[in-house]
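Have a look at the structure below, then the notes.
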Amino acid sequence: ALDRVDLIGHSMGGLVAYLVAGDQPERVGRLILEDVAALLPRQRDLPARPDGELPYDWEMVLAIRRQIDDPDPAWLERLSRITGPALVIAGGPQSSVPQDRVAELARRIPGARRETIPAGHLIHATDPEAFTKTALMFLRSGKAPDPLRG
251 ALDRVDLIGH SMGGLVAYLV AGDQPERVGR LILEDVAALL PRQRDLPARP DGELPYDWEM
311 VLAIRRQIDD PDPAWLERLS RITGPALVIA GGPQSSVPQD RVAELARRIP GARRETIPAG
371 HLIHATDPEA FTKTALMFLR SGKAPDPLRG
């Protein structure tokens with residue numbers, strides 16, 4: 251029942267957020283994507299489960315693997331249809347997400363800004379102060395802090 255919303259998505263939730271923004275750009279105001287990679291085809295491999303307790307659902311990793319390795323090309327095309335202000339926040343070299351693919355995602359969204367907070371993949375949890383400051387500044391003004399660190 252909401253007409254227009256601002257969206258923040260992390261990782262695979264960021265993929266969902268950008269698909270919504272590309273499919274219904276008139277309904278998305280501002281968009282923040284936290285450590286989200288452009289999904290480009292890659293070699294299929296079965297990942298090994300990391301040791302110990304995981305902060306995510308390992309079964310979900312396996313369930314979405316095919317879509318990650320061989321994504322629908324239309325997903326990338328949707329990026330060009332995003333019309334609202336967009337901020338892509340990269341996690342830097344500590345992230346498990348290839349940062350060149352995060353940069354590629356930002357490049358494909360018209361007018362997107364990119365910021366790097368070198369905190370790894372879980373930026374919001376690892377450096378909540380920097381993430382919150384960056385996100386709130388963007389949501390309030392439509393701009394990322396300057397100078398961009400990305």
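Its first residue numbered 251, the sequence shown is counted upward by one per residue in this note's numbering.
All C-beta atoms, glycine included, are put in the ideal place defined by N, C-alpha and C.
Residues of its chain near E354, where Cβ-Cβ distance is below 6 Å and the 5 sequence neighbours each way are ignored:
Locating residue 354 in the sequence shown gives position 104, where the first residue counts as 1. Excluding residues within five positions, the ones whose Cβ falls inside 6 Å are A288.
Taking three-plus beta-carbon pairs below 8 Å as touching, is the region 330-339 in contact with the region 296-310?
no
Going along the chain, which residues of its own chain have a beta-carbon closer than 7 Å to the beta-carbon of H260, five neighbours each way excluded?
Looking up residue 260 in the sequence shown gives position 10. Hits under 7 Å: E284, D285 and H374.
Going straight from the alpha carbon of A340 to that of P360, what length do you get?
Numbered from 1 along the sequence shown, position 90 holds the residue referred to as residue 340. Numbered from 1 along the sequence shown, position 110 holds the residue referred to as residue 360. The straight-line gap from Cα to Cα measures roughly 17 Å.
Identity of the residue in Q293, R331, R363 and I314 nearest R277 by Cα:
Taking the sequence shown and counting its residues from 1, one reaches residue 277 at position 27. For R277, the nearest C-alpha among the options comes from R331.
Could you have a look at H371 and say whether DSSP puts it in helix, strand or coil?
Numbered from 1 along the sequence shown, position 121 holds the residue referred to as residue 371. H371: coil per DSSP, three-state reduction.
Quick check on DSSP: helix, strand or coil for G279?
Indexing the sequence shown from 1 puts residue 279 at position 29. DSSP places G279 in strand when its eight states are reduced to three.
Roughly how many whole angstroms lie between the Cα atoms of K383 and I367?
Numbered from 1 along the sequence shown, position 133 holds the residue referred to as residue 383. Numbered from 1 along the sequence shown, position 117 holds the residue referred to as residue 367. Near 11 Å, if we compare the C-alpha coordinates of I367 and K383.
Rounded to whole angstroms, what is the Cα-Cα separation between R254 and I282?
As a position in the sequence shown, residue 254 is number 4, starting the count at 1. As a position in the sequence shown, residue 282 is number 32, starting the count at 1. Their Cα atoms are separated by approximately 15 Å.
For V311, which three-state DSSP category applies?
Position 61 of the sequence shown, counted from the start, is the residue given in the question as residue 311. Three-state DSSP puts V311 in a helix.
Report the CB separation of V352 from H371 in whole angstroms; it is logged as a contact under 8 Å.
As a working mapping, residue 352 is identified with position 102 in the sequence shown. As a working mapping, residue 371 is identified with position 121 in the sequence shown. 10 Å between Cβ atoms; not a contact.
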